[in-house]
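Visitor: Every letter in the sequence shown is one number past the one before it in numbering that gives the first Met the number 0, and letter 184, counting from 1, is 183.
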Amino acid sequence: MKKLLLLLITASTTVFAQDNHPNPGYWQQHVDYKMEVTMDVDNFQYSGTQELVYSNNSPDTLNRVFYHLYFNAFQPGSAMDIRLETIEDPDPRMVKSFKSPDGIKKKQSKISKLKPDEIGYLKIKNLKQDGVLLESKVVGTILEVDLAQPLLPGNKTTFTMNFDGQVPVMVRRAGRNSDEGVALSMAQWYPKMAAFDFEGWHPDPYIGREFHGVWGDFDVKLTLDKNYTVGGTGYLQNPNEIGHGYEDEGVKVSVPKKQKDLTWHFIAPNVHDFAWGADPDFIHDKIKGPNDVDLHFFYKNNKEIKENWKKLQPKTVELLAFFNEYIGEYPYKQYSVIQGGDGGMEYAMCTLITGERSLPSLIGVTAHELAHKWFQHVLASNESKHSWFDEGFTSFISDFAVKQIMEKENQEDENPFQSMYNAYYYMVKKGDEQPLSTHADRFDLNRNFGISAYNKGAIFVTQLAYLIGWENTFKSIRRFYHDFKFSHPTPNDFKRSAERVTGAVLDWYLVDWTQTTNTIDYGIKNVTQEGQQAHIELERIGRMPMPIDLVIIYEDESMESFYIPNTLMRWSKENPYPEIPRTILEAWDWAFPTFDIKFDTKGKKIKTVIIDPSQLMADVKNSNNTIEL
Ligand SMILES: [Zn+2]
Numbered sequence: 000m001k002k003l004l005l006l007l008i009t010a011s012t013t014v015f016a017q018d019n020h021p022n023p024g025y026w027q028q029h030v031d032y033k034m035e036v037t038m039d040v041d042n043f044q045y046s047g048t049q050e051l052v053y054s055n056n057s058p059d060t061l062n063r064v065f066y067h068l069y070f071n072a073f074q075p076g077s078a079m080d081i082r083l084e085t086i087e088d089p090d091p092r093m094v095k096s097f098k099s100p101d102g103i104k105k106k107q108s109k110i111s112k113l114k115p116d117e118i119g120y121l122k123i124k125n126l127k128q129d130g131v132l133l134e135s136k137v138v139g140t141i142l143e144v145d146l147a148q149p150l151l152p153g154n155k156t157t158f159t160m161n162f163d164g165q166v167p168v169m170v171r172r173a174g175r176n177s178d179e180g181v182a183l184s185m186a187q188w189y190p191k192m193a194a195f196d197f198e199g200w201h202p203d204p205y206i207g208r209e210f211h212g213v214w215g216d217f218d219v220k221l222t223l224d225k226n227y228t229v230g231g232t233g234y235l236q237n238p239n240e241i242g243h244g245y246e247d248e249g250v251k252v253s254v255p256k257k258q259k260d261l262t263w264h265f266i267a268p269n270v271h272d273f274a275w276g277a278d279p280d281f282i283h284d285k286i287k288g289p290n291d292v293d294l295h296f297f298y299k300n301n302k303e304i305k306e307n308w309k310k311l312q313p314k315t316v317e318l319l320a321f322f323n324e325y326i327g328e329y330p331y332k333q334y335s336v337i338q339g340g341d342g343g344m345e346y347a348m349c350t351l352i353t354g355e356r357s358l359p360s361l362i363g364v365t366a367h368e369l370a371h372k373w374f375q376h377v378l379a380s381n382e383s384k385h386s387w388f389d390e391g392f393t394s395f396i397s398d399f400a401v402k403q404i405m406e407k408e409n410q411e412d413e414n415p416f417q418s419m420y421n422a423y424y425y426m427v428k429k430g431d432e433q434p435l436s437t438h439a440d441r442f443d444l445n446r447n448f449g450i451s452a453y454n455k456g457a458i459f460v461t462q463l464a465y466l467i468g469w470e471n472t473f474k475s476i477r478r479f480y481h482d483f484k485f486s487h488p489t490p491n492d493f494k495r496s497a498e499r500v501t502g503a504v505l506d507w508y509l510v511d512w513t514q515t516t517n518t519i520d521y522g523i524k525n526v527t528q529e530g531q532q533a534h535i536e537l538e539r540i541g542r543m544p545m546p547i548d549l550v551i552i553y554e555d556e557s558m559e560s561f562y563i564p565n566t567l568m569r570w571s572k573e574n575p576y577p578e579i580p581r582t583i584l585e586a587w588d589w590a591f592p593t594f595d596i597k598f599d600t601k602g603k604k605i606k607t608v609i610i611d612p613s614q615l616m617a618d619v620k621n622s623n624n625t626i627e628l
């Protein structure tokens, strides 16, 4: 039953991506992995075989390929290590803080201190293309491979290899023996083919930030100590041999006493990554979510956290239903929340999160990582190049969901969006902002990477709601998901979805907001009233043009509003305040620094004039947006 379902998912998505894609001629590579891996839980070393069938759907002939060997980053002297030592604000999870003898606070990369039996590594042996041994070279976290035979467009080739790995002491995302005592957090743990797409190869060295992968089917057999419970990407194929809470109801699984290990067989269709976590003390709960999706929870048998992890489960059901409704249907039949890692990180069909959290924090991180399923795993834009596109949309929708679902439990955050705006304004004030289109690895500061990708990225969406309205914004998200799932869309593709939904022109918005550091600042320069005639003068101070909602409050508390379209948009939105009568004025061309509004007040006296009462427009100077007369 399960197998048939998987086939259907794979078949429909493959056909979909090629035949009905909105961008004619769209293509993407395809990889199918088969791996058999044995883990020694005493020394955290593992060895495995990998067979990878690579389909070249591109118009190019490939003479080289590149594999990621992410675990090599966890070695003294690696690029990740040096970056930690040289960046002004290293990730606190990855450094040790100490005071030098002369009393100065210093930070030291945790990677720089790893001993040989604590580092991470991936070593490749016997790499062959269709049985022919290949030349390859390890450069940091990338394996550069010269092909024996050029791979022509439309052809497939099979790579085989043996690999040995060591799980590093936990520094970032993956590793052994986390602070919360989880034995194995296994992410970025296997030799992974780099992405080749319309922009060419993406063999980015790993310095700890974002990812981009190729879709395919994963068939993974993991052999390890029988006392360990494993959760991860993929559907377990042998639940009644394994047990550990996976077995069918009524089945009693008995493993012979002298048998030391179990071999777990997972199949994951149409994913671009495979992660897992394992621990001998995991509790494993399984509940049903919407559309019969199996939700699995793996957490340490620790009485401090048990209650929160139980309460998290029905909330995860609600979150999944929420995202299904607001984005589109979750296409897999399983999702697992696994205690592990060093914070929260999204992986295919699962997440690794730290588990010793307050309930709001546990639900918040689960909401965020679950929302990534749609953006980072089903849409799967290149999040290294467009970190804001993935993190921004994810942050927006998960904060929105938490706001809806947690109303009672989480009152500390009244307006989930205001804090994002405040963070963005803070960054602008600091004056060291880099454009959102900066490659994730290339932001000078972690602070600005975080504020840009998560907050300014989320404001792209909330501010779009200012431009086209909430209903159109959600329609655009659903249209985008429907049209581009399983096809690595770019920010321009989302912009086109919003344009297709509304008819508005939005290129100027995408360009100014994401490819420049232009800011928005409008001001009310002057308000005069002579008899029946009022005259309001507005000015554009910031570089970025916007349409303007202007609300007038009279002394008798009655109101009216004006909408000044932005010429570039060639479109007017619906009245966002239907209870207030609105006049649509001539559009304001951005080249004009000021704009005059003259109107008849019908004998009423103006009390207050406000630009954008919703404050969804990210105006960096709020003080000139309101005038009290
Ligand atoms: Zn995220």
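Here a beta-carbon is modelled for each residue, glycine too, at the ideal position from N, C-alpha and C.
1. Check whether the Cβ of H371 sits closer than 7 Å to any heavy atom of ligand 1, and report yes or no.
2. What is the rounded straight-line gap between the Cα of H201 and the Cα of S436?
3. Let me know the secondary structure DSSP gives T48 once reduced to three states.
4. Please classify G502: is it buried, with 16 or more other beta-carbons within 10 angstroms of its beta-carbon, or exposed?
5. For the alpha helix (DSSP H) containing M160, name the first residue and the last one.
6. Under the three-state reduction of DSSP, which class applies to D412: helix, strand or coil?
7. Using the C-alpha atoms, what's the distance from A277 back to D41?
8. Does DSSP put Y329 in a helix, a strand or coil?
9. Per DSSP, L294 forms a beta bridge with which residues?
10. Determine the extent of the alpha helix (DSSP H) in which K429 is found, giving its start and end residues.
11. Just confirm the distance between the C-beta atoms of F392 and V500, as a whole number of angstroms; I'd bet it's less than 8 Å.
12. When the Cα of G339 is compared with those of Y234, Q614 and S184, which residue comes out closest?
13. For E470, name the three-state secondary structure that DSSP assigns.
14. Identify which residue in D247, Y234 and E248 has its Cα closest to the Cα of A630.
15. Got a sec: does ligand 1 put a non-hydrogen atom nearer than 7 Å to the Cβ of T393?
16. Can you tell me the Cβ-Cβ gap for I337 and G174, rounded? I've got them flagged as a contact below 8 Å.
17. Would you say the beta carbon of H367 is closer than 7 Å to some non-hydrogen atom of ligand 1?
18. Given this structure, state the Cα-to-Cα distance separating N454 from V619, to the nearest angstrom.
19. Of the choices D599, N574, T518 and M558, whose alpha-carbon is the least far from that of A533?
20. So which of H481, A78, M192 and N445 has the shortest CA-CA distance to P21?
21. Answer yes or no: the CB of E345 versus the heavy atoms of ligand 1, is any distance below 7 Å?
22. What did DSSP end up calling V138 once you bin it into helix, strand or coil?
23. With 16 as the cutoff for other CB atoms within 10 Å, does S96 come out buried or exposed?
24. Return the first residue and the last residue of the alpha helix (DSSP H) that L358 is part of.
25. Can you confirm whether the region 425-441 touches the region 367-375 when touching is taken to mean that 3 or more C-beta pairs between the two stretches lie within less than 8 Å?
26. What is the DSSP secondary structure of D80, reduced to helix, strand or coil?
27. Should D506 go down as buried or exposed, given a rule of 16 or more other Cβ atoms within 10 Å for buried?
Guide: Let me lay it out:
1. yes
2. Between H201 and S436, the C-alpha separation is close to 16 Å.
3. strand
4. exposed
5. Looking at the DSSP string, M160 is not in any alpha helix (DSSP H); the run it does join, the beta strand (DSSP E), is K155 to Q165.
6. In this predicted model, D412 has a pLDDT of only 48, less than 50, meaning its place in the structure is not dependable enough to derive any value.
7. 13 Å
8. coil
9. I286 and Y334
10. Q417 to K429
11. Contact flag wrong, Cβ pair sits at about 16 Å.
12. S184
13. helix
14. This structure cannot settle anything about residue 630, because the visible part of the chain is limited to 0 through 628.
15. yes
16. Rounded, the Cβ-Cβ distance is 14 Å, inconsistent with contact.
17. Flag set: Cβ of H367 near ligand 1.
18. 14 Å
19. D599
20. Nearest in C-alpha terms to P21, of all of H481, A78, M192 and N445, is H481.
21. yes
22. Residue state, collapsed to three classes: strand.
23. S96 is classed as exposed because its beta carbon has fewer than 16 other beta carbons within 10 Å across all chains shown.
24. In the DSSP assignment, L358 falls within the unbroken alpha helix (DSSP H) covering L358 to H371.
25. no
26. helix
27. exposed
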